[in-house]
Each structure stands twice: as C-alpha cells, then as structure tokens.
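This report refers to the structure that appears directly beneath it.
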Amino acid sequence: MGRHTRLRQVKDPPHNFYFQSENDNSSVGLNIAEFEALRLKHYISLTQKSSADTMGVSQPTFSRILEKAHEKITLALIEGKDIRVYGGTVNLKQDYKGYGCLNCDEEWKDELASKDRHVNCPNCNSKKVYFLVREPL
Ligand SMILES: [Zn+2]
Numbered sequence: 000m001g002r003h004t005r006l007r008q009v010k011d012p013p014h015n016f017y018f019q020s021e022n023d024n025s026s027v028g029l030n031i032a033e034f035e036a037l038r039l040k041h042y043i044s045l046t047q048k049s050s051a052d053t054m055g056v057s058q059p060t061f062s063r064i065l066e067k068a069h070e071k072i073t074l075a076l077i078e079g080k081d082i083r084v085y086g087g088t089v090n091l092k093q094d095y096k097g098y099g100c101l102n103c104d105e106e107w108k109d110e111l112a113s114k115d116r117h118v119n120c121p122n123c124n125s126k127k128v129y130f131l132v133r134e135p136l
C-alpha cells in the first residue's frame, strides 16, 4: 500500500518508546519532536534547513527543539539518568497525524493536521505548535 505523496513523518520511531505514566526522578524524557530532531540532524546528518523542512517547522523552531534535546541528553549524561522517549497522546505504533506544543511539550493526534493548518495546544492554548506525521510501520 504505497503512498504517492511522501509525508513529513517520524520515519524511525524510538525503540524504547513508551508512554510516560508517572514521574521518575531517575530519567529524563524526550518528546517525539526532540527525538526526531536529533535523528535528522545528527544521525542521518541533514542540514539544519533540510531538518526543519522535513519536520515542517522554521529553522529557529527546529533549533529550539534541537537545543531542548541537547539539554535533556546533557542532563542525563552529567547526572546519570535514563533517557526515555514519550509522545503525549501520540501513539507511535499507528499511522497518525498530529501536532506537538513547543510551550508545554504536549503531543497529540489530529487526523486533520497539516503543515499549513495551525491550531492551539489543547493543554496550554499556546500557538507554538509543530506538525507531526508518521506512516505505518
Ligand atoms: Zn502546550
């Protein structure tokens, strides 16, 4: 079941993905956008512009996501914490479209989501949201 249009997506979900159900002082949590930013920039070595385009965000926004990921991983390295990947209400095991919030880290599913359709975060009402799309495994 091929697709004619290549959608922006999280192509390679983290292997240790799970929903973060409770606070755990011995770990830090990356959201899907932060995981994807690291993968695009440092694993498949896209340029910052290509990385930002792939996620459907501006370069400054991509920089901010990447910076947050760096800070969390640095904290984990310095303080010896586990790194977990979580995605709010986004389920990585299914095809989804959705958004994430830069203000509060919420990520949520929305079948009508698109790069050009902007919504407010349902959690904090921020307009600083990014677009997430992923195809089935
Ligand atoms: Zn929010």
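Under numbering that gives the first Met the number 0, the first residue of the sequence shown carries the number 0, and numbering increases by one thereafter. Yeah, the Cβ is synthetic: ideal placement off N, Cα and C, and Gly gets one too.
From the DSSP output, in three-state form, read off residue i for me.
| i | result |
| --- | --- |
| E106 | strand |
Does the distance from the C-beta atom of residue i to that of residue j stay below 8 Å?
| i | j | result |
| --- | --- | --- |
| N30 | E106 | yes |
| L65 | T53 | no |
| D109 | G97 | yes |
| Q58 | A68 | no |
| L131 | A36 | no |
| G28 | K114 | no |
Residue range of the beta strand (DSSP E) that residue i falls in?
| i | result |
| --- | --- |
| N124 | Segment: none, N124 is in no beta strand (DSSP E) and carries neither H nor E. |
| S26 | 26-30 |
Between the options, which lies nearest to residue i when the distance is taken from Cα to Cα?
| i | options | result |
| --- | --- | --- |
| K126 | A112, L101, L111, S113 | L101 |
| S25 | L37, H41, L74 | L74 |
| R116 | G28, L76, R83, V128 | V128 |
| F34 | V118, I82, Q47 | I82 |
| S62 | Q47, K71, R38, A112 | Q47 |
| N122 | I72, E70, D104 | D104 |
Ignoring anything shorter than 3 residues or poking outside the stretch 37-102, list the beta strand (DSSP E) runs there in chain order.
81-85, 95-100
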